[in-house]
Structures are given as C-alpha cells and as structure tokens.
Amino acid sequence: MDKTLVGLVINRFLLVLLVSLLLVVAISELGFRLQVLSGDTDRLPQDVVLVIPEGTAERVAQGEEVPAIPEEMTFVVGDVLVVRNEDSVGHELGPVLVAPGGTASLPMEQAEHFALACSFQPSRYLGLEVREASTLSVRILAIVYAVPPTLVMFFIYSLAIWPLRRDDQAPPANPAQA
Amino acid sequence: MAHTTDVRDTYAHKLGNNRWGLWLFIISDAAVFIGLFITRFILLPGQRPELDQTIGLIVTVMLLASSFFMYRAEVHMRHGNLKAFQRSILTTLILGVIFLLGVVAVEWQIAHFGPADGQEGAIFYVMTGFHAFHVLTGVVLLYWVYNNSKRGVYTKEQHWGVEAAAVYWHFIDVVWIFFYPALYLIGTVA
Amino acid sequence: MTFLSTGFVRGLIAQALGTLAGFAFVTGIRALSGLEPFDPVEPALVSGFAVGALAFLFGVGVFDDWLKWTRGISTSDHQEHDPEKPWWYRYLSVDFDHKVIGLQYGAAAMLTMGIGGSLALLFRTELATANVDFLEHFIFGQIFGEDHTGASLFNTFISLHGMIMIVTMLLGVGALSNYLVPLMIGANDMAFPRLNAFAFWVNIPGAIVLLASMFAGGFDTGWTGYPPNSTGYSAMGVSLFMLAVYIVGFSSIFGSLNVIVTIFRMRVPGMKLFEMPIFVWAAMATAFIQLIATQFIGLSFLMVILQRLFGMNFFDSTAGGSPVLFQHLFWFYSHPAVYVFILPGLGLISELLPVFVRKPLFGYKWVALSSLGIALVGYFVWAHHMFTAGMASYLRVPFMYSTLLVAIPTGVKFFSWVGTMWRGKMRFDTPMLFVLGSVVVFLLGGVTGPPNATVASNLHLHDTYWVVGHFHNTMFGGFMFPWFAAIYYYFPKFTGRQMNEFWGKLHFWLMVPAFLVMSTYQMLTGLLGMRRRIAGYDAALGIEGYQVIVTWAGFLIFFAVIIFAINFVVSARRGEVAEGNIWKSRSPIWQLPNPIPLHNYERPFRVVGEPYDYGDPNGHPYVDLDPSDDAPDEPTTPSDSEEQQAPGGADPAPAPTGD
Amino acid sequence: MRSLVNLIKRYGEYVFVAIFVVLSTYALGAFLTAGAANGTILPLQASREAVEIDELFNVQFWLIAFFFSLIVVFMLWSVIFHRRRGEDDDAPGEDFEGNSTLEIVWTIIPLGIVLALAVYGGSVLSNIERRATDALEVNVIGQRWAWRFEYPESGAVSSDLVLPVDRQVLLRMRSDDVIHSFWVPEFRVKQDLLPATFGDEDNTRELRITPTIKGDYKVRCAELCGELHYAMLADVMVVEPEEFETWAAAQAAECDLEAADCGARWVEQYGCTACHSFDGTQVVGPTWLGLAGSQVLLDDGSSVLADEIYLETSIINPNDQIHEGFQPNVMPVNFEEQLTEEQIAEIVAFIQTLGE
Ligand code: HEA
Ligand code: HEA
Ligand code: CUA
Ligand SMILES: [Cu+2]
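Chains as they are written, first to last, in the numbering used here: chain A, 1 to 178; chain B, 179 to 368; chain C, 369 to 1027; chain D, 1028 to 1383.
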C-alpha cells in the first residue's frame, strides 16, 4: 500500500483519538460529579470519622439508643474508619480498643458485609458494609469502553468532512487501478 | 468471450484475491482464539491448570521449530530447490505430528483432571483441543502440499498452495505463542 | 428422473445416511467401551447430525472441484448450462454462477420464512387466550411426542420462530449481496465462486438440523439459549439447535469473506470506492460484521454443547463457571448481527429511492460512511442486552452511551432519505411503496431503541413485549419490506417479466397496516406488563383484547405474503414482458438485457459519471457499457509488486487459483 | 388547487412543514405522556424508583414523538406535494446532491441529544440505586417455578413478598437453578437472579425498591426459565409497617401446630405448589391427592408403595425413583439443604393427610 496514505490515516487516527478521549473524559467526569452529588458509594475512598459522644456508655447501659451513632455504616473499599472516643470510658470495636479521648482507625480492605462487636451500641453490634467503590479504575474502565465507539464514529465522519486526499477522496484499494 | 484484456482474469490478480481471502479467513479464525483467550482469564483469573511443564516446553519447542522449517521450505520453493523443499516440509510435518501427539496423546492422558473437572479441565481441554484441531488441519494441508509437490504441481513462480500452507502454519504457531503462557506460565496453580 | 439426480436430492440422501452412520458409530463405540449405548443418547445424536451435515455437503457436490484439485486436476470456473436438463436443474445443484447462487439463497429464505411465519401463527393462536389451551391439543402431542406439554411446545415454537427468522434474514442478506454486488461493480462473478457455492449449500443441512431440534424434545431457551437453562435443564433439542447455528455460521463467515474480496478486488477497473453504487457499501459493512462477529456465537454455542456432552464446566456458576460470560460472548455476535439484518435493507432503500424520486441521493458519501459507522460502532454496544444481568453498575453507563451513539449514523441515513425525497418527482410503483413503508416502520423501530438503551427505562422494558415490538419493527422495516421491494424491483432481471402491480399494491396495503397494528399493540402490552416468552398470561393485566388484535394482525401479514407468493409464481410465468430499463435506473444492472445473460458483462464497462445523478441536465450516464470506441485508458497492466512475480497472464494449470 | 400548491411550494413550504412537525410532535407526545400518567400505557406508579423512571419515560416519549414526526411529516409532505403529476417517467426532480453543512448539523444535534440523554440516564440510574440506611433486607430465592422470600431480620420465610410501605427494601437475589428475573411492573425495576449458593458475592445480585402505594401486585419472572416460566408469579403485598411487623412475626414464629399443618405451611413457603397440586390436577409433578399409601408406578416399570420412606426419599433425592410419566431432573434436588429433617417429616405428614 502506498506509504503516504498510511501516514495520513495514522495521523488522522491519532487526532481523532485525542478528540474522542477529551470528549469522553469530559462526559464521564460530568456524569461522575452528578453521581457524587447523589451521595452514593460512587466516590473515592476517604476517611470516615465516627465520634463516640460523651455519655454513650451510660446510655448503652440503660439500653437507650445513641442517636449520634448509626447502627449500619456503608463504606467503599479503601475507606478508613476513624473512631474518636469522646466518652469518659474506653470503648471497643471489633479488634480495636479506643481509650477515652483517643482515636483509632480501622481500614476497610475488602468488599464484605459484616458486624463488629462493639461496646457503644445497645445491640452490641455495629453493622458495616464495605463495597467496591466506583473509583478511578472503574471510571477509567468506563472510559476505555466508551472511547472506541466514539473514535470509530468520529473517524468515519471525519473522512466525509475532510477527505484524506483532496483530489480523489478514496484510496484506490484495487491495485489493478493504480 | 471478449474479456481477454480484463486484468481480473490474470493469474496474478487471482493470486492477489487468494491472499486477501486467506488473510481475511485468518482474521476471522483469530477471533475464536481471542474468545477462548478471554474466556480463560475470566474463568480462571490469576490461576492456571496444573500441567506438566516439561511436556509443555517440549511441544512448544517442536512447534516453534516446525515454523522455522516451514519458512525454510518456502524459501527453497522460491529458489526452485524442490528436493530441499520436500525435506523441509516433511520435517515441518513431522514436528507438527509430534506436537499433536505431545498434546493429545501425552499431555491429555497424564493431566490430573479430565474435561469435566472444574474450570481447569474445561479451559485446558477446550483451548488445546481447538488448537490441536487447527494443527491437525495444518498437518493435512502440509501433507497435501507435499504430495502435490511430488507431482510437480508447484514451480518457482507459481506455488500458491505452498504459500497458503505456510501462512496458515505460522498462524497456528502464533496462536500457540499466546496459548502456551496462558496455559502454562501465567498465574498460580489452581 | 432428472429431479432425483440433482445435487440437492443426492445431498439429502447423503445426509440421511451420514446421520445414521454417525449415530451408529458413536453408539457402537460406546457399546464397545462398556458404556450404556443409548443412555444418554445425546452424544450419538449430536455426532450423527454433525456427520450428516458434512455428508450432505459431499453428496451435493460442493467439494468436488476442491477434491479434484487435491488430485491435481484442473477445473473450469464457468459451468455451461446443459441444455438437455430442465431450467431448474442448476438451481437444485451446485452451480458457481453468482446469480444462480443469489436466487438459491433467495428461495431458501422464502422457504424458511414460511416455516418461521407458520410457527408464529401457531403460538400467536395460543396467545389469543390467556390460558394455555390451544397447544395442549392432542394433535400436537401426536406430532411432537406425548411428553410435550403445551407450555414447553410454546417455548420451542417461539425459540425456533426467532432462530428460523434470523436464518431467513441471513439467507436474504446472502441473496442480495450475492446477486447484486458483482453486477453493481461490473464483475462477472464473485471472487471465489466455489466458496460461494459452499457458503450457500451449508445452510441446507443446517436448516434441516434446526428443524430436527423440534422433534428431539425441543428446547425451552429462546433463541438466545442462555445457560444454565440450556446446559443443565433443557431437552436435547437445544444441542441440535446450537449445532445447527454453528453450521449455518460457516455460511456467514465464508460468504462475507467472499463479499469483501469481491468488493475490494473485483471492481471494474477504474471504479473508485466512492463511485460504487450505495448498496455495495452496505454489503461491505455487513460483511465486516459477519466475518468477525460470527465466530463468537459459534464459540459460545460450541461451549454449551461441550458442557452438555462432556460436562466441561464453563457456565455453571455454582461450580465456578460464569453464566454471564456466555451472555457476553453471545451478544458480542448477536448485537452486531442485528445490523447485518438491516444494513443491506437500508442500502436498498438508498439505492431505490433516487430511482423513484428522480433525484440524486442526498449526501452519498455520508450515507456510505454511515453504513460503516453503524457496523463498527455496533461492535462496542453488546452489553445493552445485559443491563439487568448484574454488571458493575457504573459500567452500564458507557454501554448506554455507546448504544445511543448508533442513533447518529442511523439518523444521518434517515435525514438523507428525507433530503432525497424533498422536491423530487416521486413515483409510486410497488417497489417504491415498500421503500416508503420501510422508512416509516424502521423509524418506529429505531426510535423505540433509545428507551431500551437508557438503563433505567430498560429495567422496566427488558424482556417485555415492548422489546418484541421494537425488534419486529426494526426487522420488518430493515429487512422484510426492503426485501420485498427488492424482489418487485429486480424481478425482471431474473425472469424477464414484471410482477403484477395490482396484486403487488394489495400486498403492500394489507401487510404494512397489519404490521403496524401488530407491533403497536405488542409494544403497548409490553409497557403494561406483558412479559416475553410466556405461554399464558395474567388475564388481570387487562390485555386480552390487545392480544387478539396482535394475533389477527399476524394472520393478515401471513395472507399478504401468500398473495405475494401467488403473484410471484403467476407473474414469472405469464407476467408482462419487461423490456430493458423499465424503471429508468442509472445502475449498470439495468443497462443489461432482461433476464441477465449468463456472463453478465461482455466486456468491463467504464465509469463515466456519478451513480445517482438523476437530475443531470447533460445526461451523462453512470457507466458506459461499451467503452471500445473511445478508449483512452484501457485496463492497465498490473503494477503491483506482488503481481510482477507472475509472468504473463496465462492461466497455468493445475495450481488452484479459483478459490 | 394548482396555484395554491405552487404558492405553498414557492413561499411557505418550510414554514408549513415546521408547523406540522410541531403539531404532530405535540399531539403524539401529549398522547403518550398522558397515557403514561393515567395508566393506559404504563402500569400504576407504585415505587419511588417508578417516579424517576417515568420521568425518564416522558423524556423518551417526547423524543420519539419529535423524531418520528420530523421524518414522517417531511416524508408525507414530499409524498403529497412532490410527486409526479402527469410528467414523464423520468422527469427529473430538483437537482441537488447534498449539503455538507446540513449533514454536519444533523450529526451534531443528535450527538448533543445522545450525550445529554446519556448523562441524564446515568443520573436517573444512580438515583434509583440510592441507598437508604434503614433498608429492609429480604433474600429472594428463585427456583423453577416458585419464589421464596426470606427476611433475615425477623426470620420469616414466605412465598409471598410482603413489604412495609415507604421503606426501602434491599432485595438480595439468587437462584437455585437457572436464571430468573425479578420484576414487579408497578415498581418498574428488574433484576436477574443468577444461580448461586449463599454468600457467593460474585453471583448474588441486589435490587433496591421503595414501595409507595399500598396494594397487591405480582412478581413476574421475566427470564425464560423453562416450561412453567409463564406461571412463575408471586404475590406482593405492600402494607402498613405495623401490619408488616405482625405478619413477619407470625411467619417467623416456630410452628407449634400439628405436624401436618406445619407441613402445609412449609409446602406453601418452599414452593412445592408450583408443581404439585392437592386436588388431582396435573401440573408438572404428580398430584398429591391420593398419593400416600397408593402403589406408585415407576418409570422402570416397577411399582412401589408410597409410604413414609418413599415420600421422604422422593423429597431428598427426587431422581432416585421417577414416577411413571414424569421427567427426571425437574424437581429441585436441594431440598435436603433447605429443609430440616423435622420439616421434611412434617411435609410427609401433610402429604399423608391427602392420601387415601
Ligand atoms: C434489525 C435489528 C435491530 C436494529 C436495527 C436495532 C436497533 C437498535 N436497538 Fe435493538 N434489538 C433487536 C434488533 C434490532 N435493534 C433485537 C432482535 C433485540 C432483542 C434480542 C433478544 O433479546 O431476543 C433488540 C433488543 C434491544 C435492546 C435490549 C432490550 C432488552 O432486552 O433489554 C436494546 C437496548 O439497548 C436495543 C437498542 C437498540 C438501539 C438503541 C438501536 C439503534 O440502532 C436504533 C437507532 C435508530 C434511531 C434512533 C432512529 C433514527 C435516528 C434518528 C431519527 C436520529 C435522532 C435520534 C435520536 C438522537 C434518539 N435493542
Ligand atoms: C425476520 C424476523 C421475524 C419475522 C418476519 C417475524 C414475524 C412474526 N413474528 Fe416474530 N420474532 C422474531 C423475528 C421475526 N418475527 C424473533 C427474533 C423473535 C424472538 C424469539 C425469542 O424470543 O427467542 C420473535 C418473537 C416473536 C414473538 C414473541 C414471542 C414471545 O416472546 O412470547 C411474537 C409474538 O407475537 C412474534 C410474532 C410474530 C408474528 C405474528 C409474525 C408474522 O409477521 C409472521 C407472518 C408470516 C410470515 C411473514 C411468513 C409468510 C411466508 C410465507 C407464507 C411463505 C411464502 C412462501 C414462498 C414464497 C415460497 N414473534
Ligand atoms: Cu423463572 Cu422465568
Ligand atoms: Cu442489541
């Protein structure tokens, strides 16, 4: 095949790739922001702070609920649960002990649904739900899926708008005509 | 008929058609192997079937070597060296048969699992089976070419059959270059 | 008897014998190796049918030439018709002429359409009432075996209806591209005539196996055959069904390969890509899909068969397999395949509109490239059939986006058609009526696509009659109506006569309104809660009346096609003789006499104008069929390097050159 | 007439067409959206998700109305006014071959619509997947051709889906055999159930629904799952929270009735009635009327007395002995894992009450 034609095709391809990439990234980020606003787990991992307020131990002892502490918490993988104990007694949450006034952290490493024994809930259990986040990798994957069709379409129509060659728009694919 | 002047009726043009056809066929066929390859990584992510490494290595070397001889055969044919061509193509053929036997008669027999044993079994047998079937057709094709060459069908200038067999054989070889690591090297033993 | 000596009959006999032999062979081996020979009977049955299909091909004779080549015997590319034999003899035997093969495809398509349509009427009758009653009738037990209940028979019928109709469309597409492409690009045949014959004949044993599945227990899986329903829970019919699809797949693969090579290599010297008739672009785009995607349905179905026969576990999720994997592999073919069904049809619309509007095709280049756009973008959208299967939630969004993207090239086509019709001088012969009907019906199918594609609304629509309505719209608009338009339009080219206009118009005015009623009520019931693939439905949904309407409309469509069939036969015998270019088309096909002579063009024609320049005041034609008098550039000698190796142009025997 | 046509042709053609497009869009769009609102086109809107989805449907309906009208009106206009009127067969139409600006416009505008629709569709999706912290968990188990709902909170098990109104329910779904699909048209959303064992993260699927209107609905299996797919329905009852609590407590309570009555309850809960009848009608499995104590003809020609042992093995290992005229591999084989020995005994006791 003729060299210059290949060159032209490659140039066009790269250019269109760039354009489609930009477009798709822009759309994807827009969509992603909209989802974040809806308060989902479609977010980046972060530190989640759980404060154990003063007087929790007494309330628990009386079997009352502690309004500041949820019974169920939802995390995404990579989140770190930071427990800050403002109560006057020490509390425990699963494997960690938090001294009065102290903090402890618990990283969420894999997606699962579990309950940790804890001393600051009337039910004595804190339900934790860890999910896969729609993190960077998922978003990149999404971009990977969305770019090729965009690319193909832009490439094809670019041929109609800006023919590769001005004189004869079509490559003479039939060698017999060369 | 009045189309003696039509370039489309010349041998050269038909040869070109044949090449297009062959390559399109290979593109299409490659799609199956790509499908199998993807299947393998979806069903056994991070793992691989437990296989005999020695046999795997031996058959792989055999197949790679056969590709080399196939290449030689084609070169000999282009130089019109018929005897050398026949020697090379026979070597290719024999190496191909050894590969087939190595996979089907040895590896399949000594594997720790049958086709019905989990994903390892399913994947191993379907991938090697599909590939072995292609090798088998390749061997038949080689034998056919060899036979034709004895009948003097091919000349230095015109030997489309040889070219086709060679391209097909190299294709099978390339597939194995992907399948071998996928089956024998990547991942931990399941 | 001449009939008994046709390749077709020989093939059938060979298939019967081959099937028995294959069955006996496997059973024998099982008996010898100490296994229960008939339990399970499935492996022997499947092998039997596989061997039978191969035997058919040997029997019919598609391998004859290739076998000769292996023995160093050369063969001729052109068969002359033996005048001793009746005219239909070549149509029932292996023939390499692309026109014959095109018609063979076409006839096979009509046959399968009849079978698939009749099945539709059977299960539609069942659906006219809410309970399962009609198919419980004892006659069906008598035909299909007593252990079929009405419900499972229903499931078998809809599944087969779906697959047979899809085969119909594949055959129809084969008919169109085989018949038209070489004529349009000025070739005398396809690039590989023998492969072409193979690609056609392989459909016949495939179709037979497909029908046989009905009598081997049927299958309650739908045409999609999702495991584990198809692997562990369905009767053996499913194996035969999948085997059949596998066999038919060879037709798509080799047929499309041939089309691509023909388009790129066999164009008349001097014809540039953007000078081809528009249908050729559509055929090219179609072939690009078929060539690659077909392998994936083959692979997925093969894996189901392997799992059934050898217990290889690909899809059983309770033991580590993945049923969703099947869906990915399956839809990676089956979505692009829907564009296979329509692209040639849309190509025909673009081809015929200018003729009847007497105006250039609006935006030729855009229409041409849109075919490619639909085909290629279509490769990236498959997962929209799986929105409810449980993919990563966020990943559904890119598939929604890419699916919607297909609306753009399709829209370009629609807008261009409108541009073509605008300010023309429209004529309303039967082919044109069908073209106009196609546009409306396909538009309806198209615009009902985006609600499916948008994930949230798909969650309501998935697997309901809305989807059924959507795809009947697209397939009737994109295939059935253009198909009929093509038959009415090209009829003189293979019979030398014209089809009767009155009956043609009656066909149209019966079929299109009936169809619109059918699909509208399908979509409506779907929105209201009617699921797909159910033998009986909840009368409380209040849709019984609608169902009756759909059923009646189905029957009307059937009768309309019967009218067509009668018209076809009568016109072929006694129709008005069609002299020359009856539609005043610019296409090279219409510069040839009716019917087309055996070796299409006496000499390569020369492209001297544009294909759709109907308004051209200078009256430049598109092609000059007899370019000898002013021949400044006769076909040049080959300049390609690869071609210089070959000395001269003599055809050396016995190197295989044809295929 | 003629001059009017010419007049229209010369001056007002585009204006007229545009007016008709607008009128037609409005008529069609209003018809569809009104139908959707009053329930002649879409079922009752009985969940929070349905509200979001129906808004999306309205957008879709307007798009359908617009594009359908656009093309069809232009086309009809050409058909009516740009037809051949007694001229020659090949009298040419107006000679124009295309217009790149126009092509670009009608590529870009749909592209914009597609992008907007994708973003909007994505946000609707994330809205209907929004999680409430107090969601009621229900395990949904599909098996050919029955539904079972387990409430881990209360321990209730039922073949009906009873839900408190206005509280989000988190359905965790799996199937015991083939793929099924959970769909309540009034709730709009749908989710497939994949074959999985419990705790299989890869194949358990989730769906969240917030029912908003009290009433009776039906779960309709939406994935072809074999012969009786059409009949794979379950009742859904959306009730006041208090009513729900009482119901759940009653369902969860130990069965302290007579053995046979408990059996009747398990038979109901575990979906046996999908295939077995108590009144002699044939469904997929043998009827239980008169079964116990009778001589059962098996498909290998022998016959066996349907005593306690036979009934019990038939439940645990249905494929061991196949009742003449019925298919093996139809009845689920995993009841041994699902039911306790006591429950099986109670079921047998129940079947015996239907015996001779
Ligand atoms: C001939 C076949 C054909 C064609 C052409 C199409 C075209 C399209 N189809 Fe369809 N489809 C089928 C055949 C076809 N389909 C079949 C057989 C099934 C069911 C399979 C099964 O399960 O058995 C199916 C199912 C199906 C589903 C899955 C439904 C489900 O089961 O959940 C989806 C989902 O996205 C879908 C979407 C689309 C879209 C977006 C298009 C688009 O290509 C349509 C594009 C066209 C237009 C939109 C109209 C014209 C455009 C304009 C006027 C421009 C402007 C428009 C906008 C900007 C909106 N189809
Ligand atoms: C080209 C494709 C095509 C065509 C033409 C049709 C035509 C028809 N279809 Fe079909 N249909 C499908 C493709 C098609 N269908 C597919 C793919 C499915 C999905 C299957 C699945 O779910 O798995 C489906 C499913 C499907 C369903 C859903 C079943 C269900 O899920 O419960 C229904 C229900 O109404 C239906 C009805 C009809 C009717 C009444 C016709 C009528 O139009 C039929 C009228 C009859 C004819 C058009 C034949 C006439 C021909 C002749 C008389 C022969 C003449 C002979 C010669 C000239 C030689 N079809
Ligand atoms: Cu379960 Cu259909
Ligand atoms: Cu699709």
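In this text, a Cβ means the ideal position worked out from N, Cα and C, and glycines have one as well.
V48/A places its beta carbon less than 8 angstroms from that of V82/A. Taking the Cβ of L479/C as the reference point, at least one heavy atom of ligand 2 falls within a distance shorter than 7 angstroms.
If you ignore the 5 residues before and after D87/A, its C-beta comes within less than 8 angstroms of the C-beta of I52, P53, E54, G55, T56, A57, P100, F120, all in its own chain and listed in chain order.
Within 7 angstroms of the CB of T366/B, no CB atom of chain C is found; the nearest one sits about 16 angstroms away. The segment 1269 to 1343 of chain D is shown to contain whole alpha helix (DSSP H) runs of 4 or more residues at 1286 to 1296, 1335 to 1343, in chain order. Contact between the segment 1195 to 1209 of chain D and the segment 1299 to 1318 of chain D is absent: fewer than three C-beta pairs spanning the two stretches fall below 8 angstroms. Secondary-structure assignment with DSSP links Q1218/D through a beta bridge to F1209/D.
Any Cβ of chain A closer than 8 angstroms to the Cβ of P645/C would place that residue at the interface, and such an atom is absent. Residues of the segment 1134 to 1158 of chain D with a C-beta less than 8 angstroms from any C-beta of chain A: T1134, L1142, A1145, V1146, G1149, S1150, S1153, N1154, E1156, R1157, R1158, listed in chain order. Here C1302/D is not near E1373/D, since their CB atoms are 8 angstroms or more apart.
Listed as beta-bridge partners of T366/B by DSSP are Q225/B.
In the DSSP assignment, P989/C is bridged to no other residue. The beta carbon of L1332/D lies closer than 7 angstroms to those of Q1322 in the same chain, with the five residues before and after it left out. Residue-level contact by beta carbon holds for N1230/D and chain C, with a gap shorter than 8 angstroms. In the structure shown, Q1170/D falls within a strand segment according to DSSP collapsed to helix, strand and coil.
Excluding five sequence positions before and after R791/C, none of the CB atoms of its chain fall closer than 7 angstroms to its own CB. For the set L202/B, L361/B, W338/B, the Cα lying nearest the Cα of Y189/B is the one of W338/B. Short of 6 angstroms from the beta carbon of E92/A, and not among the five residues preceding or following it, lie these beta carbons of its own chain, in chain order: S119. Listed along chain C is no residue with a C-beta nearer than 7 angstroms to that of M108/A; the closest approach is about 18 angstroms. Not one heavy atom of ligand 1 is found less than 7 angstroms from the C-beta of M1358/D.
Relative to G307/B, the option among K328/B, E285/B, G194/B whose CA is nearest is E285/B.
By the Cβ-count criterion, P411/C is buried, with 16 or more other Cβ atoms from all chains shown falling within 10 Å of its own Cβ. Among the residues facing chain A, I1131/D is included, as its CB has a counterpart in that chain under 8 angstroms away. If you ignore the 5 residues before and after A653/C, its C-beta comes within less than 6 angstroms of the C-beta of L711, S739, L740, A743, all in its own chain and listed in chain order.
Apart from sequence neighbours up to five positions away, the residues of its chain that approach L21/A with a beta-carbon distance below 7 angstroms are V147, ordered along the chain. Under the Cβ criterion of 8 angstroms, T493/C is not counted among the residues facing chain D. Straight through space, the alpha carbons of R1215/D and A1159/D are spaced by roughly 19 angstroms. Look at G1125/D: its beta carbon is at least 7 angstroms from all of the heavy atoms in ligand 2.
The shortest C-alpha to C-alpha distance from F694/C to any of L677/C, W649/C, G593/C is the one to G593/C. Residue contact check for S1127/D against chain A: a CB pair falls below 8 angstroms. The beta-carbon distance between W354/B and L241/B, rounded to whole angstroms, is 5 angstroms. This is short enough to meet the 8 angstroms contact definition. Using a CB distance cut-off of 8 angstroms, A57/A does not count as an interface residue toward chain C. Counting other Cβ atoms within 10 Å of its Cβ, Q472/C reaches 16 or more and is therefore classed as buried. Across the set V1311/D, G1382/D, C1299/D, F1377/D, the C-alpha of C1299/D shows the shortest separation from the C-alpha of Q1365/D. A Cβ-Cβ separation of about 19 angstroms leaves L1055/D out of contact with T822/C under the 8 angstroms criterion. Neighbours of Y157/A across chain D, judged by C-beta separation under 8 angstroms: T1134.
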